[in-house]
Structure formats: structure tokens, C-alpha cells
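What follows is a short report on a single structure.
In the numbering used here, the protein residues as written are 49 to 128.
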């Protein structure tokens with residue numbers, strides 16, 4: 049019985065740290081996902097600002113109307 053208790057006492061901290069590491073890993077993954085999402089939104093907003101700066105000739109060259117641009121630029125960064 050004493051031998052089994054010694055093993056359990058040695059295993060418990062390892063199991064606890066594994067769970068803690070797993071939670072930490074999940075938190076890091078979540079934080080990374082949030083950061084990537086914010087970076088995508090920022091890039092989308094930048095592209096819309098640049099689109100808004102194009103003149104009518106440039107819009108015609110790429111096949112867009114001013115209405116298309118107004119509709120796209122009126123979206124929030126998180127909207128596709």
C-alpha cells in the first residue's frame with residue numbers, strides 16, 4: 049500500500065501540471081486567434097480606405113462603380 053501511495057503522490061503533480069499546461073496552451077491559442085482576427089480586420093479597413101481613394105477612371109478599369117465602392121466602404125471591418 050505504501051508503494052502505491054508513493055506513485056500516486058508522484059503522478060498527481062504531473063497530471064495537475066498537464067492540465068495547467070493544457071489550459072495555458074488553450075489561452076495562448078485563443079489570444080493568438082484574437083490577434084489574427086484583429087489583424088485581418090485592420091487589413092480589411094486599410095484596403096477599403098485605399099479603394100475609397102480611387103478615382104472614376106481607376107474604378108472603371110477594375111470594373112467597379114462608385115456605388116459598389118460606397119457599399120463596400122460603408123461596411124465595418126468585421127463585415128465581409
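From the three backbone atoms N, C-alpha and C, an ideal C-beta is built for every residue, glycine too.
Checklist entry - For residue 93, which residues from the same chain have a beta carbon less than 8 Å from its beta carbon, with the 5 sequence-adjacent residues on both sides left out? => result 125
Checklist entry - Excluding five sequence neighbours on each side, which residues of the same chain lie with their C-beta closer than 6 Å to the C-beta of residue 98? => result none
Checklist entry - Using a Cβ-Cβ cut-off of 7 Å (strictly less than) and excluding sequence neighbours within five positions of residue 112, which residues of its own chain qualify? => result none
Next on the checklist: As an exercise, report each continuous alpha helix (DSSP H) stretch of at least 4 residues that is fully enclosed by the segment 79-119, in chain order.
Outcome noted: 104-110
Checklist entry - Does DSSP classify residue 122 as helix, strand or coil? => result coil
Next on the checklist: So for residue 128, helix, strand or coil by DSSP?
Outcome noted: If DSSP states are grouped into helix, strand and coil, residue 128 belongs with coil.
Next on the checklist: Going by beta-carbon coordinates alone, are residue 120 and residue 96 separated by less than 8 Å?
Outcome noted: yes
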